[in-house]
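Numbering (our numbering), first residue to last: 515 to 878. C-beta: ideal position from N, C-alpha, C; glycine also. Structure, as structure tokens:
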């Protein structure tokens, strides 16, 4: 696990909330607010930890900074089963607890969605990625993060010596981000050869029919019911021969334990912190280009910030395309010119902006 120490950037607040009567516990981390109030998702999982939320909050600081957004980084975790029928009750109690924490603006994350954000907004009037019926730009429905991944791929492929049209793609995590990513990548000519969810993976080197795959997932609950392909274990997806691998689910799924089996030429980090630092270093030495999470998957938070600023859907998509393409090119030029890891190049750019903003703040 990659620990996040206290640094000159943050975290500024780490808050643990206990609700013994309702039998759940939550964590909020505000990492940095020099650029503006922090935006970050609410993760719902029985396994989420303080350390994970701190790492995710730091990722949001980097993501918002490098995307040029007027926001800092924050994150929250509700330690509960996302399928619990009392989920709305949990969210409304959590919302009241953070009502006065004005420096944190919640958004959706793993285990939460637009409906959850509507509950928060109803309680405290502060949330992003709201349902369109109450004036939001629905990130999942519009596929903001997946769209950004496809835009990132367009710039990154030449650096990885890949032709995007005809490139073979494997995607780990066929949820809202994964489905949107394969839709937009397919429109650019890529071929999806493997996909996985919590029940297993389906692989076909000749390609999967995206519409059929989505229909099977919707109707039967898992990609493993797709008829023409080989069903494998979830973790076997990482061994798939492909050009582009997209981890789009949970944290630390690519580690020193499985990185040697990765055969892709390009990794687009669709999830937050999906690879450990040592795995990224190993991939770099092997010549595998890995685009950091806060560059590749920034589409969602860019759209969330556009919504918060009352921008239109078109303005949001234009902002995602322009900013992700620009930042992907910027960090890859720095990576190749300075012979450094993509994450190190991206963090240097993001940190510089945060530190400059912090210099304008009054020191108490």
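(request) Please work out which residues of its chain come closer than 7 Å, Cβ to Cβ, to residue 578, disregarding the five sequence neighbours upstream and downstream, and give them in chain order. (result) 549, 553, 585, 586, 587, 815
(message) Given this structure, state the Cα-to-Cα distance separating residue 860 from residue 573, to the nearest angstrom.
(response) 11 Å
(message) As a quick exercise: from 852, 557, 594, 845, pick the residue whose alpha carbon is nearest that of residue 864.
(response) 845
(message) Measuring alpha carbon to alpha carbon, tell me which residue in 636, 835, 867 is nearest residue 698.
(response) 835
(message) Once the 5 residues before and after residue 702 are set aside, which same chain residues still bring their CB inside 8 Å of it?
(response) 664, 667, 668, 678, 679
(request) Please specify which runs of the beta strand (DSSP E), each continuous and at least 3 residues long, are wholly inside the region 773-816, giving them in chain order. (result) 780-782, 803-805
(request) With a cut-off of 8 Å on the beta carbons, I'd call residue 618 and residue 542 a contact; round off their distance for me. (result) 6 Å
(request) For the beta strand (DSSP E) containing residue 850, list its first residue and its last residue. (result) Run containing residue 850: none in the beta strand (DSSP E); it sits in the alpha helix (DSSP H), 827-852.
(request) Could you spell out where the beta strand (DSSP E) holding residue 532 opens and where it closes? (result) 527-533
(request) Look up residue 538 in the DSSP assignment and say whether it is helix, strand or coil. (result) strand
(message) Distance check for residue 538 and residue 560, CA to CA, integer angstroms please.
(response) 9 Å
(request) Closer than 6 Å by C-beta to residue 671: which residues in its own chain qualify, once you throw out the five before and the five after it? Chain order, please. (result) 678
(request) Locate the alpha helix (DSSP H) running through residue 616, then write down its first and last residues. (result) That residue, residue 616, is in no alpha helix (DSSP H); it is neither H nor E in DSSP.
(request) Reducing DSSP to helix, strand and coil, say where residue 770 ends up. (result) coil
(request) State the start and end residues of the unbroken alpha helix (DSSP H) segment that holds residue 657. (result) Neither: residue 657 is in no alpha helix (DSSP H) and is coded neither H nor E.
(request) Mind checking which residues open and close the beta strand (DSSP E) that includes residue 715? (result) 714-717
(request) Please look up how many angstroms separate the CB atoms of residue 601 and residue 570, rounded, as I've assumed it's under 8 Å. (result) Residue 601 to residue 570, Cβ: 20 Å. No contact.
(message) My output table needs one value for residue 645: the three-state DSSP class, helix, strand or coil.
(response) coil
(message) Helix, strand or coil, according to DSSP, for residue 623 in the structure here?
(response) coil
(request) State buried or exposed for residue 738, treating a residue as buried only when at least 16 other CB atoms are found within 10 Å of its CB. (result) buried
(request) Quick one: measure Cβ to Cβ for residue 632 and residue 648, integer angstroms, because I've assumed they're closer than 8 Å. (result) 6 Å
(request) Give every residue of the same chain whose Cβ lies closer than 7 Å to the Cβ of residue 721, excluding the five residues on either side of it in the sequence, and list them in chain order. (result) 705, 706, 707
(request) Return the residue from the list 610, 743, 819 that minimises the CA-CA distance to residue 621. (result) 819
(message) Taking its Cβ as the centre, do 16 or more other Cβ atoms sit within 10 Å of residue 616, making it buried, or is it exposed?
(response) exposed
(request) Note down, in chain order, each residue of its chain lying with its Cβ closer than 6 Å to the Cβ of residue 515, except the 5 sequence neighbours on either side. (result) Here residue 515 scores only 49 on pLDDT, less than 50, and its place in the model should not be relied on; the value that follows carries that caveat. Excluding positions up to five away in sequence, the list is empty.
(message) Taking only three categories from DSSP, how would you classify residue 759?
(response) strand
(message) Taking the alpha helix (DSSP H) that residue 636 belongs to, which residues open and close that run?
(response) 628-638
(message) Less than 6 Å between C-beta atoms, sequence neighbours within five positions excluded: which residues of the same chain meet that for residue 871?
(response) 548, 549
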